[in-house]
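Asker: Residue numbering for the sequence shown follows our numbering, starting at 37 and increasing by one per position.
Here a beta-carbon is modelled for each residue, glycine too, at the ideal position from N, C-alpha and C.
Bear in mind that the values here come from a model prediction, so they are computed numbers and not experimental data.
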Amino acid sequence: MLLTFAEYLGIFAFAYSGFSVGLRHRLDLLGLGVSAFLTALGGGLIRDLLADRPPYALTHEGPALSVLLILVLLILFHRRLHHELESRTLFIFIDALGLASFAVSGALVGREAGFNGAGITLLAFITAVGGGLLRDILINRVPYLLRGGFYGIVALILGIAIALFDRFGILNDLSVLALFTAGVLLRMWAWKQKWNLPTLG
């Protein structure tokens with residue numbers, strides 16, 4: 037139940053994120069759809085392939101229908117939502133929800149698959165950033181993951197934390213919810229404080 041909730045929260049958040057990025061790059065309707073679907077489902081597809089399980093987005097109707105619903109609503113009401121879509125704070129917050137949700141769902145899938153701590157952390161990272169990475173490559177821009185914002189670090193921290201909590205037997209619904217909340221807050225704080233990893237040169 038917790039895994040399903042995390043999965044769908046991430047899908048809704050990243051569908052919005054993908055649509056917003058596509059809108060800023062003036063993509064047409066097909067481009068907006070591809071951007072939303074890739075961002076929302078791409079990371080999960082890669083995760084499931086690595087975990088050697090049937091891709092959730094391709095064996096359940098819910099994920100694709102959820103993205104389609106969000107996409108239709110955003111297309112229909114994007115003029116009314118213009119200021120909201122242009123709000124950087126709202127975009128970062130919703131993106132943070134997707135980042136934390138997918139990091140949690142990826143880590144939980146790794147745990148269910150019997151992965152070790154490194155595997156759990158890798159799946160958390162891939163699930164959280166994979167869709168956005170594919171989207172950015174497709175629209176020919178340097179992936180945000182590689183440009184700073186402490187973005188991928190949050191996913192890695194969540195993956196490591198879930199692996200450790202599982203190792204010490206304290207992983208449960210309440211602790212996962214606490215980690216998810218901490219991940220969202222960390223992402224927002226890192227953005228507010230303009231935290232970035234150092235560069236060479």
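Please say whether residue 75 and residue 183 have beta carbons closer to each other than 8 angstroms?
Answerer: The residue given as residue 183 occupies position 147 in the sequence shown. The residue given as residue 75 occupies position 39 in the sequence shown. Result no, Cβ atoms of residue 183 and residue 75 do not sit closer than 8 angstroms.
Asker: Is the Cβ-Cβ distance between residue 169 and residue 158 less than 8 angstroms?
Answerer: Against the sequence shown, residue 169 aligns to sequence position 133. Against the sequence shown, residue 158 aligns to sequence position 122. No, the Cβ-Cβ distance between residue 169 and residue 158 is not below 8 angstroms.
Asker: The alpha helix (DSSP H) with residue 130 in it runs from where to where?
Answerer: Taking the sequence shown and counting its residues from 1, the one referred to as residue 130 is at position 94. It spans 124 to 148 - the alpha helix (DSSP H) in which residue 130 sits, taken as one unbroken run.
Asker: Is the beta carbon of residue 201 sitting closer than 8 angstroms to the one on residue 207?
Answerer: Working through the sequence shown from its first residue, we reach residue 201 at position 165. Working through the sequence shown from its first residue, we reach residue 207 at position 171. Going by C-beta atoms, residue 201 is nearer than 8 angstroms to residue 207.
Asker: Considering only the beta carbon of each residue, do residue 100 and residue 139 sit closer than 8 angstroms?
Answerer: By one-based count along the sequence shown, residue 100 stands at place 64. By one-based count along the sequence shown, residue 139 stands at place 103. No.
Asker: Is residue 198 near the ligand GDP, in the sense that its beta carbon is under 7 angstroms from a heavy atom of that ligand?
Answerer: Questions concerning the ligand GDP fall outside what the structure shown contains, since it holds no ligand whatsoever.
Asker: Quick test of the definition: if touching needs 3 or more C-beta pairs under 8 angstroms, does the stretch 44 to 51 touch the stretch 128 to 136?
Answerer: As far as the Cβ criterion goes, the stretch 44 to 51 touches the stretch 128 to 136, which means the pair count is three or higher.
Asker: Could you say which of 149, 141 and 148 lies nearest to residue 160 if we only look at CA atoms?
Answerer: Locating residue 160 in the sequence shown gives position 124, counting from the first residue. It is 141 whose Cα lies nearest to the Cα of residue 160.
Asker: According to DSSP, is residue 70 helix, strand or coil?
Answerer: The residue labelled residue 70 in the question sits at position 34 within the sequence shown. Helix, per DSSP.
Asker: Select from 45, 39, 37 and 56 the residue whose C-alpha is nearest the C-alpha of residue 126.
Answerer: Residue numbering aside, residue 126 sits at position 90 when the sequence shown is read from its first letter. Ranking 45, 39, 37 and 56 by Cα distance to residue 126 puts 56 first.
Asker: Pick out whichever of 176, 212, 153 and 162 has its Cα sitting closest to the Cα of residue 86.
Answerer: For the purposes of this step, residue 86 is identified with residue 50 of the sequence shown, where counting begins at 1. Closest by alpha carbon: 162.
Asker: Could you check which residue in 97, 94, 137 and 65 has the C-alpha nearest to that of residue 114?
Answerer: For the purposes of this step, residue 114 is identified with residue 78 of the sequence shown, where counting begins at 1. Among 97, 94, 137 and 65, the Cα nearest to that of residue 114 is on 65.
Asker: What residue from 176, 166, 84 and 149 has the CA that sits closest to residue 67's CA?
Answerer: Your numbering for residue 67 matches position 31 in the sequence shown. The shortest C-alpha separation from residue 67 is found at 176.
Asker: Determine the contact status of residue 221 and residue 144, defining contact as a CB-CB distance below 8 angstroms.
Answerer: Numbered from its first residue, the sequence shown carries residue 221 at position 185. Numbered from its first residue, the sequence shown carries residue 144 at position 108. Cβ distance not < 8 angstroms, so residue 221 and residue 144 don't count as in contact.
Asker: DSSP three-state call for residue 236: helix, strand or coil?
Answerer: For the purposes of this step, residue 236 is identified with residue 200 of the sequence shown, where counting begins at 1. In the structure shown, residue 236 sits in coil (DSSP, three-state: anything other than H, G, I, E or B).
Asker: Under 8 angstroms by Cβ, that's how I've got residue 108 and residue 73 pegged, so tell me the actual separation to the nearest angstrom.
Answerer: Here residue 108 refers to the residue found at position 72 when the sequence shown is read from its first residue. Here residue 73 refers to the residue found at position 37 when the sequence shown is read from its first residue. Actually they do not touch by this definition, with Cβ atoms about 13 angstroms apart.
Asker: Using the beta-carbon count (16 or more within 10 Å), is residue 173 buried or exposed?
Answerer: Taking the sequence shown and counting its residues from 1, the one referred to as residue 173 is at position 137. Exposed, since its Cβ has fewer than 16 Cβ neighbours within 10 Å.
Asker: Would you mind working out which of 187, 212, 83 and 216 sits nearest residue 151, comparing C-alpha positions?
Answerer: Working through the sequence shown from its first residue, we reach residue 151 at position 115. The shortest C-alpha separation from residue 151 is found at 83.
Asker: Considering only C-alpha positions, which residue in the set 209, 225 and 62 is nearest to residue 42?
Answerer: What you label residue 42 is simply residue 6 of the sequence shown in a count that begins at 1. For the residues 209, 225 and 62, the minimum Cα distance to residue 42 belongs to 209.
Asker: According to DSSP, is residue 231 part of a helix, a strand, or is it coil?
Answerer: As a working mapping, residue 231 is identified with position 195 in the sequence shown. Coil at residue 231, not helix or strand.
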